[in-house]
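Those sequence lines, one after another, are chains E, L and G.
Residue numbering for the first sequence follows the working numbering, starting at 1 and increasing by one per position.
Residue numbering for the second sequence follows the working numbering, starting at 1001 and increasing by one per position.
Residue numbering for the third sequence follows the working numbering, starting at 2001 and increasing by one per position.
Read through the structure below, which is laid out as structure tokens, and then see the notes.
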Amino acid sequence: MRNRRMVLFGIFRGAAAIFLALAVGAIFIFLSSKEPWKALQYLLIGPFITTGGSGIAFNTQNFYQILAAMIPTIFTGLAVCVMFAANEFNLAGEGCVLVGGFVGGLIGVYLNMNSGFHAVIAVLVAAIVTGLIMLIPSLLKVKLGASEMVTSLMLNFVMLYVVLHFLNFNFADRTKGATMTKAFQETAKIPPLVPGNSKLSWGFVVALVAVVIVSFFMYRTRWGYSIRMIGINKSFSLYSGMKVGSMIVLSQVIGGVLSGMGGSIEVLGRYNNYLWRDLPGYGWVGITVAILAKNNPLGVPFAAFFLAYLNKGCSLMSTHSDVPSEMIDIIQAAIFLFFAAEQFLAGTRQKLVIKTTHEELEQLEKARLAEGGSNNA
Amino acid sequence: MLEQLIASVFKADFLFSVIRITAPILFAALAAVVAEKAGVVNIGLEGIMMITALFGFLFAYWTQSWIIGVLGAVVVGALLGLLMGFFSFKLKTDIILAGIAVNMLGGGGTIFLLNMFTGLKGNTGALVTSNLLIPTFKIPLISKIPILGEILSGHAILTYLAFLFVWLTWMLLYKTPLGLDIRAVGENPDAASSVGVSVLKIRYMAILVSGGLAGLGGAFMSLYYSQGWNSGMVAGRGFIALAAQAMGRGEPVGAMLSSLLFGLAQALRTKVSGLQGVSSYLVSLIPYLTTIVGLVLYVLSTRRKTRKHQIQPIEG
Amino acid sequence: MEQGEYVVQMKGISKVYPNGIAANKSVDFSVKRGEIHALIGENGAGKSTLMKILFGLEQPTEGAIIVNDEKVHLASPTDAIARGIGMVHQHFMLVPSLTVAENIVLGITPKKSGMFIDYKKAVELTQEYAQRFNLHVEPDARVIDINVGMKQKVEILKALVRGARVLILDEPTAVLTTQETVELFHELKNLKEQGFTIIFISHKLKEIKELTDRITIMRGGKSVGVYDTASITEQEISRKMVGRDVILTVEKDEAKPTEVVLSVRDLQYVNEWGKRVLDGVSFDVRSGEIVGIAGVEGNGQRELVDILFGLKLPEEGTATVGGENLIGRPQAAIRSLGVSYVPEDRMAFGIASSGSIEENVISDRYHHRRFNKGPFFKMKTLHEESDKLIFDYAVHCKSRKQEVGMLSGGNIQKVVVSREFSSDPILIIADQPTRGIDVGATEMIRKKLVELSREGAAVLLVSADLNEVMELSDSLIVLNSGKVVACLDDGNWDDIMMGEYMLGLKRQSDEEIGRSCHA
């Protein structure tokens, strides 16, 4: 009984955090917009509902676009879940997405293959490369104790400039105006899942499969178990005989693999060439996703959906009213702060715990008396 | 080509630009130093610089005074520090996450706020007038010295301030009671609280000062360096500052030297991008690679000091 | 106004913690002005709690404190310091990179021009007090560079500078070498001559006899008497300190030990401050017997256990299990030799508190073939294992999914032992296995230990609980100052004998030890 009540409280607390974050956004909307209610409408229900001449309809294309936007963030969200589970703040997911996209893209351009396996090979190679890159911050941390946060942040920039270098000097398509690679071969592109221009590719299915696999990995295998225990109590894990260092490295390599997959799938599923010239930002969104999902892989698609929905709402809001789409960053930051605040509503939680304990003790007492009575009979 | 490069490096105007480029990084690096000394990890510097750059410019624009702009940026920076402190110390959000949140805020949030206040989208080009900018300053006498004069004189006032702050930060940390308390709290909070020093209060002070220093960096960017605000202007300087702090062993002078190294790398990159056949991207790599290498060397050197006395479980 | 004879009086002090444990039971404790007063008792006797109350770190549940003839309420150390009470903690509260002078003035830093540290004044202050009280320190030295003896002087100066007239020293000689101890005693006698009052918490009888005027002996949370040091012998002190009020009896078949499992030879360990904590420890533990290590805490037990579990490296010496080396091996290897370990600090090392019971009980075996099929766990087998362990060890919980940290102390320990005892170990190292847990869990764990040893396991029991170690052990080893001072294998031991060995009053000869310890 206690567990259920605490679970409900957890949900309530999360909802309260999100509500407060949206309220913060709403405050800014009211401060800045001449038509705040219209803006809010677009933000909150715009993505799903189109009001047209024929009344209210569900906007399917928007829906597909939201799902498509989720693809990279599901992968980075999963990556963060795995890495942060070991209580290590590796932030190089950003760069790995970029490198993954680049490597995948290059294979898409230059490797001549005639079958659908082309895309598979591209994604696989990209994932392996980014997985190997993650050996750097993780080994430096495990062997030398160097802060994985600083090394991973720096690595993001190293990856960015290495990619930019090769993009500009070796692989740029000089016939195009902007810097990008030549076009992908058709066999490398990831085919669309639904008709229309939503860019919702089969990558979405792969993302969902990844969710299931990572979930199984974290909760049904010995490696995932070990990673989680290390994150909870490193000494305990050491004393229990776990190979703490290897598991930490493994968790970050997996984080790299997932981020690289996300990058390559996104590039090959959405674009015709590789054209990212800056860090795309999916790594940071991935952190928000993981926080909302409370580091649970199964929660990642929902969190990613929620954020993609808000993102769409913000862009609709900026198209149809006077509020810039960058509102999403303000809301994201607020969600972040409130959601991750352990002490948020802690007072209420404390009272709830006390109340539940009292009730349980009363029940135990009643049961004991009843038993005593029946014994005496 | 290499000779060409070397020749241009040793010109006075190159060294001038190194100093100019270093200044904002230095402010942020000092911000990182002060926070870290109190045991507070401030990775929100990037976001703070973005936001304070914006507000510094806006305040200057509204009052037509660059001084108010700079001061406003400092105040906003301190307030952001306070925000991070509140969420981290009181509501127990992990301080690293609080920093990431501030960075997010600094990303799109600034574009939003600019629009909200001025209706402009993404940059302030339309608003910039020269009276808003931090004036430059010719040091009398020194400016007459050949070469040295060209390097040292004619910088913006805030540039000189940045280097002055190295000394001021050192003074704060090592010569004031507040600095003593900060260092005590950072190293051994139990010892500090056992003599009645409020650990909480000191951490708030530290992150406030940190935010304020980062605010100076932001003001520098918008009111001098880029002459206005645009959404991509900070470009990772907040993160480089973290690296400068780490490589500088957490000390003001060390942070200054590391910042100069990064300034040099940035200046080189601009020079090099003009030359044929050399990739400015590879040059851009230098500061980041240097940090990783520097950090590794630093860790190796401290490890040697502790006696191999017990088998340490991997430290977190 | 004439000052009363007693500078500090604590009357009827009781301290009961929320978990029900009574650390102090109606204790009366008084200190005369200008005396050196020893507060002595075993660990857990309540002396640390009593002094924490006097220094404002804890609040008494009942009782009154009178300082300088005035009833006071000490809500925090600041109040205590204001009343002239200073405390020198066992673990130094110093900031390593600051200088001695800076550490001393931390929190009361002298200023010049309102903004800057008047460092010169800080140094002057330091030197003034140092000279006045003969506590020689180097004001400009950084704390990280000075030795333990000087660190302690700095701590004493910190208290004196803040106006302390009553100094509480908590086990001050625990970290000092012999020479440093001699110096300290000089300084303390000097302070006494200058009218200061000193409360000296310790369990080292020789030192107390040498230094102090009066002794208060505590046992089981109560005061068992106040005596003039000169008129009580060490034996008598030992008897009062180490007597058991309730004798626990444990049903035990006679031990029939067979081959040697754990063999420890000539272990030497010097800690990071240069103190020799283990000085040539040797003993064997055989299959089928429980060997207990008795001794007042701080005599090397902690370091011994850490070395055996691969957490520390000794300077010299060997330790083997079944002939295989233990020293410096990773914990996984040590466990695979058949060693189980019940840590003293169960929260820090024994469990992952936000994990479920199931996740905790399988942490040493989750990788075994029987729990895995290919890459995946055999969830059903895991569940069966956890349920069985929960049942066998009577862990009171709702289900195996319950968060371990939510359980009571006794149940948490049951979770720990259910894991450690069920891996078919050939050697069990149990460090304070029943500390701080309820009677039911205690009984169960002790019974299990005996059961396992009779089934063939070798058990090394380290316990500061005299009852436990005297009743459970088949052989007893007493550690004092890092040496084995007694090895008893005939079951003939009593409180008085144990007290004398533990407190260093008596020592067996090397032959006697060698014979019994099989070393």
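Glycine is no exception: its CB is placed at the ideal position from the N, C-alpha and C atoms.
Item                                                                                                                                                                                         : Value
Taking only runs that begin and end inside the segment 2070-2134 of chain G, name each unbroken beta strand (DSSP E) of 3 or more residues, in chain order.                                  : 2070-2072 and 2085-2088
Inspect the beta-carbon positions of Arg2400/G and Ser2423/G and report whether they are closer than 8 Å.                                                                                    : no
Under 6 Å Cβ to Cβ from Val353/E, same chain only, skipping five residues before and after it: list those, please.                                                                           : none
Going by DSSP, what residues sit across from Ala2458/G in a beta bridge?                                                                                                                     : Leu2427/G
Taking the alpha carbon of Phe1055/L as the point to measure from, which residue in Val1185/L, Glu1003/L, Tyr1281/L and Asn1115/L has its own alpha carbon closest?                          : Asn1115/L
Could you run through the segment 1098-1114 of chain L and flag, in chain order, every residue whose CB is less than 9 Å away from some CB of chain E?                                       : Ala1098, Ile1100, Ala1101, Val1102, Asn1103, Met1104, Leu1105, Gly1106, Gly1107, Gly1108, Gly1109, Thr1110, Ile1111, Phe1112, Leu1113 and Leu1114
If you pair each beta-carbon of the segment 2331-2342 of chain G with each one of the segment 2374-2390 of chain G, do three or more pairs fall below 8 Å?                                   : no
Determine the contact status of Ile2429/G and Val2339/G, defining contact as a CB-CB distance below 8 Å.                                                                                     : yes
Over the uninterrupted beta strand (DSSP E) stretch that includes Met154/E, give me the two end residues.                                                                                    : It is not in any beta strand (DSSP E) - Met154/E instead sits in the alpha helix (DSSP H) that spans Glu148 to Phe166.
Just to confirm the assignment: which complete alpha helix (DSSP H) runs, minimum length 4, are found wholly within the segment 2321-2374 of chain G?                                        : 2331-2336 and 2357-2361
Find out if the Cβ-Cβ distance for the pair Ala207/E, Phe75/E is shorter than 8 Å.                                                                                                           : yes
Of all the alpha helix (DSSP H) runs that stay within the bounds of the segment 2396-2456 of chain G, which reach a length of 4 or more residues?                                            : 2409-2421 and 2439-2454
So that I know if they touch, is there some Cβ in chain L lying closer than 8 Å to that of Met2093/G?                                                                                        : yes
Hey, does Gln332/E have any beta-carbon neighbour from chain L nearer than 8 Å?                                                                                                              : yes
At which residues does the beta strand (DSSP E) containing Tyr1224/L begin and terminate?                                                                                                    : Note, Tyr1224/L: premise wrong, no beta strand (DSSP E); not H, not E.
Do you know whose CA, among Ala2255/G, Glu2272/G, Val2008/G and Trp2273/G, lies nearest Phe2055/G's CA?                                                                                      : Val2008/G
Under a Cβ-count criterion, where at least 16 other Cβ atoms within 10 Å of its own Cβ denotes burial, should Asn1230/L be classed as buried or exposed?                                     : buried
Buried or exposed: which applies to Pro2018/G, given that a residue is buried once 16 or more other Cβ atoms fall within 10 Å of its Cβ?                                                     : exposed
If you drop the 5 nearest sequence neighbours on each side, which residues of the same chain put their C-beta closer than 7 Å to that of Met83/E?                                            : Asn90, Ser251, Gln252 and Gly255
Listing by chain order, which chain L residues have their CB less than 9 Å from the CB of Asp329/E?                                                                                          : Met1104, Leu1105, Gly1106, Gly1107, Gly1108, Gly1109, Thr1110, Ile1111 and Phe1112
Any residues in the segment 2228-2241 of chain G with a beta carbon nearer than 9 Å to a beta carbon of chain L? Which ones, in chain order?                                                 : none
Classify Phe1059/L as helix, strand or coil using the three-state DSSP reduction.                                                                                                            : helix
In angstroms with no decimal places, state the Cα-to-Cα distance between Asn1123/L and Gly283/E.                                                                                             : 25 Å
According to DSSP, simplified to helix, strand and coil, what is Val267/E?                                                                                                                   : helix
Are any of the Cβ atoms in chain L nearer than 8 Å to that of Leu2452/G?                                                                                                                     : no
Who pairs with Gly241/E in a beta bridge, going by DSSP?                                                                                                                                     : According to DSSP, Gly241/E bridges with nothing at all.
Rounded to the nearest angstrom, what separates Met2093/G and Ile1019/L at their Cα positions?                                                                                               : 43 Å
So which of Ala2352/G, Gly2456/G and Val2296/G has the shortest CA-CA distance to Gly2499/G?                                                                                                 : Val2296/G
Answer yes if the segment 61-72 of chain E comes into contact with the segment 121-128 of chain E, meaning at least three C-beta pairs across the two stretches below 8 Å, and no otherwise. : no
Using the beta-carbon of each residue, which ones in chain G are nearer than 7 Å to Ser215/E?                                                                                                : Here the premise fails: no neighbours, minimum Cβ distance about 12 Å.
Which chain L residues sit within Cβ distance under 7 Å of Thr2109/G?                                                                                                                        : Pro1177 and Leu1180
So that I know if they touch, is there some Cβ in chain L lying closer than 8 Å to that of Glu148/E?                                                                                         : no
Mind checking who Asn59/E pairs with in its DSSP beta bridge?                                                                                                                                : Looking at the DSSP assignment, Asn59/E forms no beta bridge with any residue, so it has no partner.
According to the Cβ coordinates, are Ala68/E and Gly286/E closer than 8 Å?                                                                                                                   : no
Does Phe339/E come within less than 8 Å of chain A when only Cβ atoms are used?                                                                                                              : Looking for chain A here will not work: the only protein chains present are E, L and G.
Would you kindly work out how many angstroms separate the C-alpha atoms of Gly2482/G and Ile2426/G, rounded to a whole number?                                                               : 26 Å
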